[in-house]
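Chains as they are written, first to last, in the working numbering: chain A, 1434 to 1910; chain B, 42 to 327.
Glycine included, each C-beta is placed from N, C-alpha and C at the ideal position.
Data block below; observations after.
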């Protein structure tokens, strides 16, 4: 447990200790900048990618069209009844997190989590407005002046602008982005768009600007799950205490030989969650590696070997401590757990790709009317009524033929359509739409006795899609 | 629970709260203070919520200035406004055009089905399956004609009511006062023979003459019926009041007559049109 999550003087509630993470440069910081640039670009720009799908169809590459119940992802279109694809993606996302954790530890927390990315961005704004760690501490301590007010106000205004853009970008995933932007600026967009932006602006500002590490430590379940997922072969940010201890500032004056840690506190000063990595692996550590950067630069100045704090597994830590060679990186990665996660993850992925390739773009249903189950007509024949639904899931209009099999004397007719009774009917369905109509199956009096189970067949008359549907002919007892 | 001295737990290095249950002590791992504030904020929110909404039925009416019921009414009014463009188009289009236009047909069917559930299902059944004396609207037997226009007329003006001058009207005499008992039995058998029901052939033959003299003017010589006068077809498989000797005899002696309100006086014309399209589309329309 670190200091800021234990009570002071036996109190049952602990106050937050403000953290002033110091600027740092190095390998991991550079990586974080690059990942931040990519993830933010993906988030803000994706809704603006265009993807032509044909006349009258949405041309946004990624679009969650809730009003029309369609989800578009580049060349893939998903209807609500195909939601299992989304469920599969979510399962893959979950297993993917396990897989990544198994290979490179809490990389999600340190580099990709939106909470981390936006907090990092907000910290950068804070340093830009108020200066680095020491300047911020001084500013906090000094009384309110015009300069302090200007810096503080500037910081919050920039935060709110970023938050507004973040919330604003979110709604573009749910409607045609250029159209919605125009409507937002003319103030005639739907209320739900403004409400979503307001909520997300507020959460971005509060979580990224004000709450920061409190989210990771108290609100997020993932650190707890991660804690259960780490083992002796997981990569974690490790303080090599066998090399660093006993720590001390005054090496030359010390009576006994000291370790390499000069107790400069640089690792603590740069930590965005305010932990002291020298206390070991802990829930607050998001493994962003910034303390490694900080320590390495100090070691460099002192002409000591880098890696006093390093990405390391517990096995390697023990091996190094004993002076034994470290295991290879591959052997840390290639373990049964990784293989199992990878197999499950890849298996679901392949199954989904296969399902995507072979999936029908035609769906047909025949709901049997049950009230009344059958109708006796004037000439004594018996008629059953079915609510026909044909979903044309392709982006072009198609003509389908609905026909009867196994019911030799049955005749098909359609509600409010003048076509004469026949063995089949044709239905034209517009692109990307569902056709609904009432159809009737009529059997002459003398054939009713032997009627029972039969099958509807729906075929695309210019294509290959075929659907069959089993039904039963209801008749008087 | 016993209160004990707070102390540092040796295993974890964490202070205890001093609470002890049968020797089991509680470690003090404190919540962040802001979490406590969210708890207070929830209480404040709950108070505001109880004031804003009518939280205590009958006691407070809420600051929101209305009930959920009024909200629903407002929503319905809002949707009705959205339907206006469709209702106007239904009003403007002849019935034959409505069934040819996919969009209008879809709207008319939905509107008709809803209106049927509210206004018609009490007598005709929710599936329009009918009951004895209340016609089944799914079949192809029509007392007053089964074309779109005839169905529209019947719904609009009703049957045997005093409200509309154009109501469908016909009345079959009570033949119990006119014919002898034996004649009634004979003619009933003849009617059953027309409908291909089980009957006494001798009686039916005797009844043929009675039928020709008394019934054929309206029901036709072969029992084909006449929608112009609302005379039911007798040579089919459909019997409104029951297809057996007792019911047919009773209907000859003292006929029961169905009545329907003039819906044109109660509903908007577009609703009546939608009802006509819906009923016609149930499958039996001519």
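Beta-carbon neighbours of residue i, restricted to chain B and to distances below 8 Å
| i | result |
| --- | --- |
| residue 1446/A | 71, 72, 73, 74, 76 and 77 |
| residue 1802/A | 168 |
| residue 1638/A | Simply none; closest approach about 15 Å. |
Assigned secondary structure, residue i (DSSP; H/G/I helix, E/B strand, else coil)
| i | result |
| --- | --- |
| residue 1456/A | coil |
| residue 74/B | helix |
| residue 1870/A | strand |
| residue 1768/A | coil |
| residue 1636/A | helix |
| residue 301/B | strand |
| residue 1444/A | coil |
| residue 1834/A | strand |
| residue 264/B | coil |
| residue 1489/A | coil |
| residue 86/B | helix |
| residue 1557/A | helix |
| residue 1735/A | coil |
| residue 1434/A | At residue 1434/A the pLDDT is 38, less than 50, meaning the model places this residue with poor confidence and gives no usable figure here. |
| residue 1810/A | coil |
| residue 1824/A | strand |
| residue 1815/A | strand |
| residue 1504/A | strand |
Opening and closing residue of the alpha helix (DSSP H) in which residue i lies
| i | result |
| --- | --- |
| residue 1614/A | 1610-1618 |
| residue 1796/A | Unbroken run through residue 1796/A is the beta strand (DSSP E), 1795-1801; no alpha helix (DSSP H). |
| residue 1857/A | Run containing residue 1857/A: none in the alpha helix (DSSP H); it sits in the beta strand (DSSP E), 1857-1862. |
| residue 1753/A | 1747-1754 |
| residue 1674/A | 1674-1677 |
Buried/exposed call for residue i, threshold 16 Cβ in 10 Å
| i | result |
| --- | --- |
| residue 83/B | exposed |
| residue 327/B | exposed |
| residue 1658/A | exposed |
| residue 81/B | exposed |
| residue 1517/A | exposed |
| residue 222/B | exposed |
| residue 44/B | exposed |
| residue 287/B | exposed |
| residue 1763/A | exposed |
| residue 1644/A | buried |
| residue 1665/A | exposed |
| residue 1749/A | buried |
| residue 1567/A | exposed |
| residue 90/B | exposed |
| residue 1510/A | buried |
Residue range of the beta strand (DSSP E) that includes residue i
| i | result |
| --- | --- |
| residue 1846/A | 1844-1847 |
| residue 60/B | 57-62 |
| residue 1412/A | The structure shown does not extend to residue 1412/A, since chain A spans only 1434 to 1910, so no value can be given for it. |
is_contact[residue i, chain A] using C-beta, thresh 8 Å
| i | result |
| --- | --- |
| residue 179/B | yes |
| residue 136/B | no |
| residue 274/B | yes |
| residue 155/B | no |
Beta-carbon neighbours of residue i, restricted to chain A and to distances below 8 Å
| i | result |
| --- | --- |
| residue 318/B | 1849 |
| residue 324/B | 1808, 1816, 1818, 1846, 1848, 1871 and 1873 |
Minimum Cβ-Cβ distance from residue i to chain B less than 8 Å
| i | result |
| --- | --- |
| residue 1934/A | The first residue shown for chain A is 1434 and the last is 1910, placing residue 1934/A beyond what the model contains. |
| residue 1859/A | no |
| residue 1460/A | no |
| residue 1449/A | yes |
| residue 1647/A | yes |
| residue 1517/A | no |
| residue 1651/A | yes |
Residues that residue i contacts on chain A, provided the C-beta gap is smaller than 7 Å
| i | result |
| --- | --- |
| residue 321/B | 1849 |
| residue 140/B | 1849 |
| residue 284/B | Result: empty, since nearest Cβ-Cβ is about 10 Å, beyond 7 Å. |
| residue 182/B | 1811 |
| residue 146/B | 1849 |
Neighbouring residues, chain A, relative to residue i (Cβ below 9 Å)
| i | result |
| --- | --- |
| residue 278/B | 1809, 1810, 1811, 1812, 1813, 1814 and 1878 |
Proximal residues of chain B, C-beta to C-beta of residue i below 9 Å
| i | result |
| --- | --- |
| residue 1714/A | The contacting residues do not exist; residue 1714/A stays about 16 Å from chain B at best. |
| residue 1476/A | Within chain B, no residue comes near residue 1476/A; the closest Cβ sits about 27 Å away, beyond 9 Å. |
Residue i: CB within 7 Å of a non-hydrogen atom of the ligand GTP
| i | result |
| --- | --- |
| residue 1805/A | As for the ligand GTP, it is missing from this structure, which has no ligand bound. |
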